[in-house]
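Chains as they are written, first to last, in my numbering: chain A, 490 to 859; chain B, 490 to 859.
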């Protein structure tokens, strides 16, 4: 029943909860009253942006009185060259989060259905709820997104959208490119596939499908937030068939990209040597986290991302205790929440200093929890 | 008729045009093949951000590997102190553009109506169309937004939203605070008033209503894009009654604000001395533009903003010729488009070097057009 003494939200908006997708590390720090010693929970890159990118940001700072180019022309042109696709096959947005929101808005309103994995990206689910579509979830299978199960659900529900991340967050698992290709080919032409490749740079080449922008029902998402070390600038991009990409112009916040993100993204893309170094650092850190987990009687899952998901060997309550105990000694990690996945904690592959703290703290934390 | 070989956009999305709210100066530069000599068309602040803010951005650059605080806590706390309101009375977003989009999404879906002035902010209209609401426009009256006409339209249409900018863009005009207060008090309690105060810092104090966050149907919008010189960082804020402010959390992109914008906004707010200097520079530039206009037989309109709207004394076609002729000599200005308002061009109050170019070019441009 609407309150007649104030403006009424739309029926949809009124139905939405005030809860947020997930709490940020700063909010946790405020609640704790002290900073984290190791920030290895949000899959940010502790290796930082490239020195060349920091220099580009510093040089661009005095220009911030000007709006960014609403067409993101230079960055889009550079991305198109980098990906070997046409200028009209790529669009830029406020992180993959922003672009997923626009995708949901374009394809999935009330009365439509969306398929994702149970325990996959909560921000995507937030957008689906926010635009009133029905979310259909498919459990993971052997700690991977279940391609067959997703396909069955898409067909059964006549879904408008299906979300898939490869490599996957929060499990770090991945499918080979040919399996992804097979999945995409099997999805009905009327279902848009949202393929989130946020962690694509740290994956083996064999996991990343060849780029083909002729398919009208595939949108692929990448970001400068992970391996490029620019999470704080909100710069993601989507590429695909030109008509599908053009549709983003109907609904995007045209002046929404910061001039700083455009400058930094351009500089980051130009410094592939630094990216290569980070990818090596990430691989070494993954190996180290895996070794530490094993030395403590835990099971690291294989990872193609910039984090390692570690099976704590018992139930969700136990893994939660491990996580909370690490937080008590100022080590910020996160964990999957879905049944079955929740036996794990998720540790970002950060710099040695952070992993040193993890290595030092884990034995006592586990002893305490056991 | 849906194409069965590709995913169908929602009915609403399919109905939207691919046209954009307005073309940016970079796109114009690309089309022209050469840069502008004076960028005084987008109401950016050519005086730039404060040196203290540039320093803060440079210091923050290496931290961009971390996501910004999704709660924007420090910036919100500083804004609340600055405005003398509670922490829960303010929310931060990707410029006023982004916050207007969220406001439309919260209050104005399909089957709802929104009132604005004919010739007011096109990006707002873009959002209204984008969420499927019906836009009802009221002509300006004597180059000001027609408060009585807006009120009549709100009542007649039982509008869910009414948009009002004070001071106004594109005319530079304003209402006294008591007129705004009277308007807000007269609007039905069930209609949300969106009061855009993007140009509030350059307005006379008498134009800005006292802050009262007890009213559930008033949201006020301000920005770091204009007087603070940070258009390129997309940092706006909205303040109002706590419950209305909390509703933004239902739909905003929680990790959408860049860490850079948060750092710069915080530094900008702390440097009120620099803001005071800019406001003086803007006032002097307005006076100078007005004098140049008069010296050329044109009529500058009174302005409370960081631009001067100049009546070219003939019809819209003539004003368009003046604008195009200025563009030919690399001076970027814009103009109002609505009937009646379109006799004017709109010149940003920029630094002396830009106004020098205008002063030098205007006589020949007018002679050419006449």
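All C-beta atoms in this analysis are idealised placements derived from N, C-alpha and C, irrespective of residue type, glycine included. Note that this is a predicted model, so its numbers are computed, not measured.
Boundaries of the alpha helix (DSSP H) in which residue i is found, first to last residue
i, result
"residue 518/A", "514-521"
"residue 592/B", "584-596"
"residue 637/B", "636-646"
CA-to-CA distance, residue j to residue i, given in whole angstroms
i, j, result
"residue 797/B", "residue 520/B", "26 Å"
"residue 630/B", "residue 823/A", "58 Å"
"residue 562/A", "residue 568/A", "10 Å"
"residue 570/B", "residue 751/B", "16 Å"
"residue 777/A", "residue 840/B", "56 Å"
"residue 462/B", "residue 525/B", "With chain B covering only 490 through 859, there is no way to say anything about residue 462/B."
"residue 683/A", "residue 635/B", "46 Å"
"residue 714/A", "residue 538/A", "9 Å"
"residue 784/A", "residue 852/A", "9 Å"
"residue 803/A", "residue 617/A", "32 Å"
"residue 738/A", "residue 509/B", "7 Å"
"residue 576/B", "residue 677/B", "27 Å"
"residue 608/A", "residue 624/A", "12 Å"
"residue 614/B", "residue 566/A", "29 Å"
"residue 502/A", "residue 782/B", "48 Å"
"residue 516/A", "residue 847/B", "50 Å"
"residue 706/A", "residue 603/A", "14 Å"
"residue 708/A", "residue 740/B", "23 Å"
"residue 497/A", "residue 651/B", "13 Å"
"residue 585/A", "residue 596/A", "16 Å"
"residue 642/B", "residue 826/B", "22 Å"
Beta-carbon proximity list for residue i, same chain, < 6 Å, skipping 5 on both sides
i, result
"residue 664/A", "655"
"residue 775/B", "792, 797 and 838"
"residue 582/B", "588 and 725"
"residue 532/B", "795, 796 and 837"
"residue 593/A", "616, 617 and 620"
"residue 541/B", "756 and 760"
"residue 828/A", "none"
Start-to-end residues for the beta strand (DSSP E) that takes in residue i
i, result
"residue 876/B", "Missing from the structure shown is residue 876/B; chain B here goes from 490 to 859 and no further."
"residue 606/A", "602-606"
"residue 837/A", "833-837"
"residue 504/B", "Segment 500-504 is the alpha helix (DSSP H) holding residue 504/B; no beta strand (DSSP E) there."
"residue 711/B", "707-712"
"residue 860/B", "This structure cannot settle anything about residue 860/B, because the visible part of chain B is limited to 490 through 859."
"residue 612/A", "Not the beta strand (DSSP E): residue 612/A falls in the alpha helix (DSSP H), residues 611-619."
"residue 814/A", "Premise fails: residue 814/A lies in the alpha helix (DSSP H), 805-817, not in any beta strand (DSSP E)."
"residue 767/B", "That residue, residue 767/B, is in no beta strand (DSSP E); its alpha helix (DSSP H) goes 761-784."
"residue 719/B", "Element bounds for residue 719/B: n/a, residue is neither H nor E."
Residue i at chain B interface by Cβ criterion, 8 Å
i, result
"residue 770/A", "no"
"residue 740/A", "yes"
"residue 736/A", "yes"
"residue 558/A", "yes"
"residue 701/A", "no"
"residue 744/A", "yes"
"residue 515/A", "yes"
"residue 533/A", "yes"
"residue 494/A", "yes"
"residue 690/A", "no"
Contacts around residue i, its chain only, beta-carbon distance under 8 Å, and the 5 residues preceding and following it disregarded
i, result
"residue 695/B", "665 and 666"
"residue 598/B", "620, 621 and 622"
"residue 811/B", "801, 834, 854, 855 and 858"
"residue 555/A", "748"
"residue 832/A", "800, 801, 802, 803, 804, 805, 807 and 808"
Neighbour-count burial assignment, residue i, 16 or more Cβ in a 10 Å radius
i, result
"residue 836/A", "buried"
"residue 534/A", "buried"
"residue 674/B", "exposed"
"residue 544/A", "exposed"
"residue 600/A", "exposed"
Beta carbon proximity, residue i to chain A, threshold 8 Å
i, result
"residue 646/B", "no"
"residue 543/B", "yes"
"residue 837/B", "no"
"residue 679/B", "yes"
"residue 575/B", "no"
"residue 719/B", "yes"
"residue 729/B", "no"
Close Cβ partners of residue i (< 7 Å) along its chain, the five nearest in sequence each way excluded
i, result
"residue 689/A", "697 and 711"
"residue 553/A", "748 and 749"
"residue 670/A", "698"
Any C-beta of chain E under 8 Å from that of residue i
i, result
"residue 592/B", "Structure shown: chain E not included; protein chains present are A and B."
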